[in-house]
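In this note's numbering, the protein residues as written are 49 to 89.
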């Protein structure tokens, strides 16, 4: 983003990637909790 000098786009991409990672981590932790309880086959 430094070469293109497009800071707003770079900031938007980083926010989107952070949100995607947060959703994936929450889904992972939720599935692990279900697996530990034996609810997940």
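Even for Gly, the Cβ is constructed at its ideal location relative to N, Cα and C.
Spanning the alpha carbons of residue 69 and residue 62 requires a straight line of approximately 11 Å. Under the three-state reduction of DSSP output, residue 58 falls in the helix class. Just so you know, the alpha carbons of residue 52 and residue 71 end up roughly 29 Å apart.
Rounded to the nearest angstrom, the gap between the Cα atoms of residue 73 and residue 57 is 24 Å.
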